[in-house]
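S.K.:
Numbering (our numbering), first residue to last: 3 to 746.
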């Protein structure tokens, strides 16, 4: 797999002054004119105009500060710098979004591509793009120009598939969350339906596999609960590492936004401007529904589906995919796909075809994603949210006027609450249909709550603002399917602890080491051991780890040996009880705490101790010796080795209640755990007369191993030592590494 190579000349280190003064950049004539000749829409003249109006400043952490004359100029520079830092991730995100990943990776990605193309038809996206307002088309054109200009000026970079980016492609990837709604459709059953084979669901699809929770933390604190009377915002996404680019993008048209942009997108997904800040957390709302369709086949072979007393024709569509072959060529695969008015058919269940309904509003989603970055207060933010094109994310909001809020996703279909939409409903019954969308005012929310704070940890909304939270009884059941998780009580605990928050104490709260899950689970284990007969072999064998856990303060640290025992024990108990918890309709945490037997608790501890002794030679192993950060190269899927350098990480998986999350596990050939997700871009923002912020990005902002910014933030990341953000020109002035124009 070819990956973009780091080029020293474009990333040379110039410290101390505004050295590397901006020259009037000229596009290299040969490469530019040759590329532009391929399509009159991508002209060298337009590229040159953008280049002349864009300045890129890299600070001493490598963060790109992009200044453009217009918003389109800024987008051009934004995309150019993303391609500089990690073109491979930019391209790969669009291979996934466009349903073209199999062109690069072969058969293994075929069904993922088909799933995308059931909803995102390229020709329909092109038509939708042609209808976009002129301001949006100017931005999408600048997006494509920025990426294509990068490729034209970096001929050593070989894209895997996409050699020319087109403006309409932005509509395939219009929201920045780590896993889109489409990913809720199980690939095994999609393959079974469209291949005509019977395939079982995987353990992961059934929710039984032990996997790291995805999601995020967000906290907003009102001026009444801060020392200096300024609203505060915690931005703490838990994503795959290196999933987003940290950037500062400004224009003379009023754009001035800082934060994390998902690779390949021209908007900051989680961040702030001088007046407003927004943090998105994956929501537990139920707004993706499955409808069982009763199919009737006519004498002529045409298919219909029953809807009330009528028969409606099943919509058919031909989808052609290209798949990379073992010899590097391409071969086509053709599918006849089916849909009803509910949505595409994605599987068969109980003899009926199942259609999946989900939000599919790419133009409005792109508008909403971009326009919110230019809002100046809560009212403007809500005005943009009226587009109702955010389906998967809650929002924690704060602004310079002192407003704070917890908001749910704005795309919420109205449904008859008699039906359980967590299950497949009868598509032939018109009563199960969607009946328009909820108004924003009719949703659970907490706007300027009296308690002075709001939060979400991917848990239910019913504790979002303590006693001032919305009440579950006031809303249909479909407003939550997540329930509580161990981070929820921990967030309430740290937010209730004081009324004089500062940026420093909010950072401390975000890295508070208390583990609520183990505080709840460990006493049951200790009690189970206490109940063993005195003199029994098991009691003697487990006495040492029980002694560690009995005296443990249930807090994470790199030095803790009790934490190592607890994590290994918790993982084994989870695996042992996952099926029973699913059968009982309970969360894994509740089942382990309330239903696990003493024998299961002790069996899991025995297994955990045996694993520690086998892999590390002792029952007492400091957590930091096990839990490590390692990044060896620029690969999207990392390979790990115990023989290569790594850094200890003190915090744990969010599964155990840690607000600071590090999702780690062992890999083939390793005994140590290596993290691939969790805390990624983390920031705390204070909305005073001048916005102030502190941030850290996992590892560093560059995807190039030979860049000084590939791993220069690792120690800060591990310790929660956030660095100051250079938001204003006077803050940036003494921290300039290089200033240049695109292509320079």
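No residue lacks a Cβ here, since even glycine has one placed at the ideal position from N, Cα and C.
Starting from residue 234, trace the beta strand (DSSP E) in both directions and tell me its first and last residue.
M.R.: For the purposes of this step, residue 234 is identified with residue 232 of the chain shown, where counting begins at 1. Taken as a continuous stretch (DSSP letters only), the beta strand (DSSP E) holding residue 234 covers 233-242.
S.K.: For the structure I just gave you, are there three or more beta carbon pairs, one from the segment 563-577 and one from the segment 533-543, closer than 8 Å?
M.R.: Cβ pair count under 8 Å is below three, so no.
S.K.: Who are the Cβ neighbours of residue 403 in its own chain at under 6 Å, not counting the five residues just before and after it?
M.R.: Taking the first residue of the chain shown as position 1, residue 403 is located at position 401. Taken in chain order, the residues that qualify are 379.
S.K.: Going straight from the alpha carbon of residue 165 to that of residue 222, what length do you get?
M.R.: Taking the chain shown and counting its residues from 1, the one referred to as residue 165 is at position 163. Taking the chain shown and counting its residues from 1, the one referred to as residue 222 is at position 220. The straight-line gap from Cα to Cα measures roughly 42 Å.
S.K.: Would you say residue 251 and residue 270 are within 8 Å of each other, going by their C-beta atoms?
M.R.: Start at 1 with the first residue of the chain shown, and residue 251 comes out as number 249. Start at 1 with the first residue of the chain shown, and residue 270 comes out as number 268. Yes, they are a contact pair.
S.K.: With distances taken between CB atoms, is the gap from residue 734 to residue 697 smaller than 8 Å?
M.R.: Position 732 of the chain shown, counting from 1, holds the residue named residue 734. Position 695 of the chain shown, counting from 1, holds the residue named residue 697. Contact flag unset, no.
S.K.: May I ask you to report which of helix, strand or coil DSSP gives residue 700?
M.R.: Position 698 of the chain shown, counted from the first residue, corresponds to residue 700. Residue 700: coil per DSSP, three-state reduction.
S.K.: Report yes if the C-beta distance between residue 749 and residue 293 is below 8 Å; otherwise report no.
M.R.: Only positions 3 to 746 of the chain appear in the structure, and residue 749 is not among them; the question remains open.
S.K.: What is the DSSP secondary structure of residue 69, reduced to helix, strand or coil?
M.R.: Your numbering for residue 69 matches position 67 in the chain shown. Of the three classes helix, strand and coil, the one that applies to residue 69 here is strand, per DSSP.
S.K.: So for residue 1, helix, strand or coil by DSSP?
M.R.: In the structure displayed, the chain extends from 3 to 746; residue 1 sits before or after that span and is not available.
S.K.: In angstroms with no decimal places, state the Cα-to-Cα distance between residue 124 and residue 155.
M.R.: The residue you call residue 124 lines up with position 122 of the chain shown. The residue you call residue 155 lines up with position 153 of the chain shown. In a straight line, the C-alpha of residue 124 is about 28 Å away from that of residue 155.
S.K.: Give the C-beta separation of residue 117 and residue 173 to the nearest angstrom, bearing in mind that I take them to be a contact with Cβ-Cβ under 8 Å.
M.R.: In the chain shown, counting from the first residue as 1, residue 117 sits at position 115. In the chain shown, counting from the first residue as 1, residue 173 sits at position 171. With a Cβ gap of about 17 Å, residue 117 and residue 173 do not count as contacting.
S.K.: Assuming contact is defined by CB atoms lying nearer than 8 Å, are residue 236 and residue 203 in contact in what I supplied?
M.R.: If you number the chain shown from 1, residue 236 lands on position 234. If you number the chain shown from 1, residue 203 lands on position 201. Not in contact: residue 236 and residue 203 (Cβ atoms no closer than 8 Å).
S.K.: Quick check on the burial criterion: 16 or more other C-beta atoms within 10 angstroms. Buried or exposed for residue 585?
M.R.: Residue mapping note: residue 585 aligns to position 583 of the chain shown, counting from 1. So residue 585 ends up on the exposed side.
S.K.: I believe residue 467 touches residue 408 by the beta-carbon criterion, under 8 Å. Please report the beta-carbon distance rounded to the nearest angstrom.
M.R.: Counted from its first residue, the chain shown places residue 467 at position 465. Counted from its first residue, the chain shown places residue 408 at position 406. Yes, they are in contact, since the Cβ atoms of residue 467 and residue 408 sit about 6 Å apart, within 8 Å.
S.K.: Rounded to whole angstroms, what is the Cα-Cα separation between residue 119 and residue 565?
M.R.: Residue numbering aside, residue 119 sits at position 117 when the chain shown is read from its first letter. Residue numbering aside, residue 565 sits at position 563 when the chain shown is read from its first letter. Rounded to whole angstroms, residue 119 to residue 565 spans 45 Å at the Cα level.
S.K.: Which residue marks the beginning of the beta strand (DSSP E) containing residue 315, and which one marks its end?
M.R.: Start at 1 with the first residue of the chain shown, and residue 315 comes out as number 313. Where residue 315 is concerned, the enclosing beta strand (DSSP E) stretches over 312-315.
S.K.: Among residues of its own chain, excluding the 5 on either side of residue 207, which ones have a beta-carbon nearer than 7 Å to its beta-carbon?
M.R.: Along the chain shown, read from residue 1 onward, the residue named residue 207 stands at position 205. Counting only Cβ-Cβ distances below 7 Å, and skipping sequence neighbours, we find 188, 190.
S.K.: Just the C-alpha distance for residue 300 and residue 121, rounded to the nearest angstrom, thanks.
M.R.: As a first step, residue 300 is located in the chain shown; it is residue number 298 there, counting from the start. As a first step, residue 121 is located in the chain shown; it is residue number 119 there, counting from the start. Going from the Cα of residue 300 to the Cα of residue 121 covers about 27 Å.
S.K.: Can you pull the DSSP bridge partners for residue 281?
M.R.: By one-based count along the chain shown, residue 281 stands at place 279. Answer is 398, bridged to residue 281.
S.K.: Just the C-alpha distance for residue 358 and residue 285, rounded to the nearest angstrom, thanks.
M.R.: The residue labelled residue 358 in the question sits at position 356 within the chain shown. The residue labelled residue 285 in the question sits at position 283 within the chain shown. If you take the alpha carbons of residue 358 and residue 285, they lie about 19 Å apart.
S.K.: For residue 597, which residues from the same chain have a beta carbon less than 8 Å from its beta carbon, with the 5 sequence-adjacent residues on both sides left out?
M.R.: Taking the chain shown and counting its residues from 1, the one referred to as residue 597 is at position 595. Hits under 8 Å: 579, 582, 583, 586, 588.
S.K.: How would you call residue 93, buried or exposed, if buried means at least 16 neighbouring beta carbons within 10 angstroms?
M.R.: Residue numbering aside, residue 93 sits at position 91 when the chain shown is read from its first letter. Buried is the call here.
S.K.: Out of curiosity, what's the CA-to-CA distance linking residue 667 and residue 217?
M.R.: Reading the chain shown from its first residue, position 665 is the one you call residue 667. Reading the chain shown from its first residue, position 215 is the one you call residue 217. Distance between the alpha carbons of residue 667 and residue 217 is about 18 Å.
S.K.: Output needed for residue 513: all residues of its chain with C-beta closer than 8 Å, excluding positions within five of it in sequence on either side, in chain order.
M.R.: If you number the chain shown from 1, residue 513 lands on position 511. Excluding sequence neighbours, residue 513 sits near 653, 661, 662, 722.
S.K.: What is the C-beta distance between residue 263 and residue 247, in whole angstroms, given that I count them as a contact (C-beta under 8 Å)?
M.R.: Along the chain shown, read from residue 1 onward, the residue named residue 263 stands at position 261. Along the chain shown, read from residue 1 onward, the residue named residue 247 stands at position 245. Indeed they touch by this definition, with Cβ atoms about 5 Å apart.
S.K.: So within the segment 410-480, which uninterrupted beta strand (DSSP E) runs reach at least 3 residues, ignoring any that extend past its ends?
M.R.: Correct list: 447-449, 455-458.
S.K.: Run the CB neighbour count on residue 137, radius 10 Å, all protein chains shown included, and call it buried at 16 or more, exposed below.
M.R.: Translated into positions along the chain shown, residue 137 becomes position 135. It is exposed - the Cβ of residue 137 has fewer than 16 other Cβ atoms within 10 Å.
S.K.: Is it buried or exposed, residue 498, if we count other Cβ atoms within 10 angstroms and call 16 or more buried?
M.R.: Here residue 498 corresponds to residue number 496 of the chain shown, with the count starting at 1. It counts as exposed.
S.K.: At which residues does the alpha helix (DSSP H) containing residue 572 begin and terminate?
M.R.: Position 570 of the chain shown, counting from 1, holds the residue named residue 572. From DSSP, the alpha helix (DSSP H) with residue 572 extends over 563-586.
S.K.: Please identify the residue among 376, 361, 168 whose C-alpha is closest to the C-alpha of residue 143.
M.R.: Within the chain shown, residue 143 is the residue found at index 141, counting from 1. Nearest C-alpha to residue 143: 168.
S.K.: For residue 728, which residues of its own chain have a beta-carbon under 6 Å away from its beta-carbon, when the five flanking residues on both sides are left out?
M.R.: Counted from its first residue, the chain shown places residue 728 at position 726. Cβ neighbours of residue 728 beyond the five flanking positions: 61, 734, 737.
S.K.: Decide yes or no for the touch test of the segment 329-342 against the segment 308-320: beta carbon pairs closer than 8 Å, at least 3 of them.
M.R.: Flag = yes, the segment 329-342 and the segment 308-320 touch.
S.K.: Which of the three DSSP states is assigned to residue 55 in this structure?
M.R.: Here residue 55 refers to the residue found at position 53 when the chain shown is read from its first residue. Residue state, collapsed to three classes: coil.
S.K.: Under a Cβ-count criterion, where at least 16 other Cβ atoms within 10 Å of its own Cβ denotes burial, should residue 102 be classed as buried or exposed?
M.R.: One-based indexing of the chain shown puts residue 102 at position 100. Per the 10 Å Cβ criterion, buried.
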